[in-house]
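Asker: Below you'll find the structure I mean.
Numbering (this note's numbering), first residue to last: 6 to 329.
Dropping the structure here:
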């Protein structure tokens with residue numbers, strides 16, 4: 006495999022800056038301030054983003070499988086102490102330059118794993134890279150962990166992602182016609198009936214059109230922000246979010262703050278085996294409540310306790326109508 010071309014000479018200052026960012030974000034000491042500074046640097050020029058992506062690509066190529074150890078090699082005693090960021094940066098810059106001069110490595114052979122949950126089921130998935138996915142009920146995803154990138158494709162699904170830091174292998178989530186790109190953070194993604202919603206609890210993520218890896222990001226989300234999008238339509242809505250409400254389902258709760266009953270029913274139907282139907286006269290009732298996920302009867306009784314609705318059980322559904 007030939008070395009990738011990024012049009013940056015080995016001694017280019019922009020490449021050196023991108024390497025510096027790569028090393029800093031890979032460090033355990035990287036914090037929210039570093040991510041915000043990195044975001045500001047990316048926003049200064051499209052060239053910054055291209056340079057950083059080139060460095061990530063080169064770094065991924067450097068992760069070739071280890072060679073078998075020779076029997077006549079005496080291992081050196083490791084040096085105590087943690088290397089400095091400056092030392093790591095120098096090593097990284099040298100490695101990047103080496104690849105740009107034509108170093109070749111073995112090809113990538115990723116494997117794909119599918120995960121499914123039944124309605125009302127929640128599952129925690131530990132990926133081989135150290136990331137964790139908490140999958141909500143009635144969800145289907147496919148995860149591919151490769152040497153160059155990590156990728157999850159969401160069908161009809163909701164999941165919380167706690168992504169392990171690995172700038173050499175950015176993490177992508179495809180939800181409909183949107184793609185979320187991240188290095189290390191925690192966020193919730195909902196993809197259901199053509200709706201895409203992303204809520205960030207920690208770190209920074211980028212959202213761009215799916216299938217267009219070189220396109221400029223449509224949005225960069227930080228802690229406490231969310232993005233909503235309807236598949237097939239232009240435009241994304243970015244605004245403040247309530248991460249505690251968005252992540253409540255992982256703790257067995259659903260939090261609603263003024264949502265229409267019709268929309269609440271859509272959410273509840275991802276957890277209930279008997280679907281809820283809302284009569285036209287009750288669809289716009291505002292719902293502000295916290296529901297504990299549990300038995301269907303208990304959840305329906307909770308709704309009827311604080312809403313002026315009549316609960317009618319039918320053979321294959323539950324109908325909610327305005328109480329007369």
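Glycine included, C-beta positions come from ideal geometry on N, C-alpha and C.
#1: Are there three or more Cβ pairs, one per stretch, closer than 8 Å when the region 192-208 is compared with the region 222-235?
#2: Can residue 155 and residue 176 be called in contact, C-beta distance under 8 Å?
#3: Thinking just about the alpha-carbon of each residue, which of 142, 190, 183, 287 is nearest to the one in residue 164?
#4: Measure how close the beta-carbons of residue 214 and residue 184 come, nearest whole angstrom, since I'm counting them as under 8 Å.
#5: Tell me which residue opens and which closes the alpha helix (DSSP H) that residue 301 is part of.
#6: Check the DSSP bridge columns for residue 157 and list the partner residues they point to.
#7: Compute the Euclidean distance between the alpha carbons of residue 318 and residue 299, then round it to the nearest angstrom.
#8: Taking the straight line between their C-alpha atoms, what separation do you get for residue 117 and residue 257?
#9: Applying the 10 Å Cβ sphere with the 16-neighbour rule, what's the burial state of residue 122?
#10: Looking only at DSSP bridge pairs, what is residue 53 linked to?
#11: Between 195, 279, 51, 202, which has its C-alpha nearest residue 301's C-alpha?
#12: Let me know the beta strand (DSSP E) ranges lying completely inside the region 182-256, each 3 residues or longer, listed in chain order.
#13: So is residue 218 buried or exposed if we call it buried at 16+ other beta carbons inside 10 Å?
#14: Go ahead and pull the three-state DSSP assignment for residue 134.
#15: Decide if residue 196 is buried, meaning its Cβ has at least 16 other Cβ atoms within 10 Å, or exposed.
#16: Apply the 10 Å Cβ neighbour rule to residue 50 and answer buried if 16 or more other Cβ atoms are within range, or exposed otherwise.
#17: Can you give the Cα-Cα distance for residue 290 and residue 320, rounded to whole angstroms?
#18: Please determine, among 203, 132, 149, the residue with the shortest C-alpha to C-alpha distance to residue 162.
Answerer: Based on what the coordinates show:
#1: Contact between the region 192-208 and the region 222-235 is present: 3 or more CB-CB pairs across the two stretches fall below 8 Å.
#2: Within the chain shown, numbered from 1, the residue matching residue 155 stands at position 150. Within the chain shown, numbered from 1, the residue matching residue 176 stands at position 171. Yes, these two residues count as a Cβ contact at 8 Å.
#3: Counting from 1 along the chain shown, the entry for residue 164 is found at position 159. The residue with the shortest Cα to Cα distance from residue 164 is 142.
#4: Within the chain shown, residue 214 is the residue found at index 209, counting from 1. Within the chain shown, residue 184 is the residue found at index 179, counting from 1. Contact holds; Cβ gap of about 7 Å.
#5: On the chain shown, residue 301 is found 296 positions in, with the first residue counted as 1. Residues 301-311.
#6: The residue given as residue 157 occupies position 152 in the chain shown. Among the bridge pairs identified by DSSP, residue 157 is matched with 148, 178.
#7: Position 313 of the chain shown holds residue 318. Position 294 of the chain shown holds residue 299. Roughly 18 Å separates the two Cα atoms.
#8: Numbered from 1 along the chain shown, position 112 holds the residue referred to as residue 117. Numbered from 1 along the chain shown, position 252 holds the residue referred to as residue 257. Roughly 29 Å between the two C-alpha positions.
#9: Stepping through the chain shown from its first residue, residue 122 is reached at position 117. Classification for residue 122: buried.
#10: Here residue 53 refers to the residue found at position 48 when the chain shown is read from its first residue. DSSP lists no partner for residue 53.
#11: In the chain shown, counting from the first residue as 1, residue 301 sits at position 296. For residue 301, the nearest C-alpha among the options comes from 279.
#12: As far as the region 182-256 is concerned, its whole beta strand (DSSP E) runs of at least 3 residues are 183-187, 191-197, 200-207, 210-214, 224-226, 230-235, 242-245.
#13: Taking the first residue of the chain shown as position 1, residue 218 is located at position 213. Burial call: exposed.
#14: If you number the chain shown from 1, residue 134 lands on position 129. Note: residue 134 maps to coil in three-state DSSP.
#15: Residue mapping note: residue 196 aligns to position 191 of the chain shown, counting from 1. It counts as buried.
#16: Here the question's residue 50 lines up with position 45 in the chain shown. Classification of residue 50: exposed, given that the 10 Å Cβ count is below 16.
#17: The sequence position of residue 290 within the chain shown is 285, counting from 1. The sequence position of residue 320 within the chain shown is 315, counting from 1. C-alpha separation (whole angstroms): 25 Å.
#18: For the purposes of this step, residue 162 is taken as residue 157 along the chain shown, with counting starting at 1. Checking every option, the nearest Cα to that of residue 162 belongs to 203.
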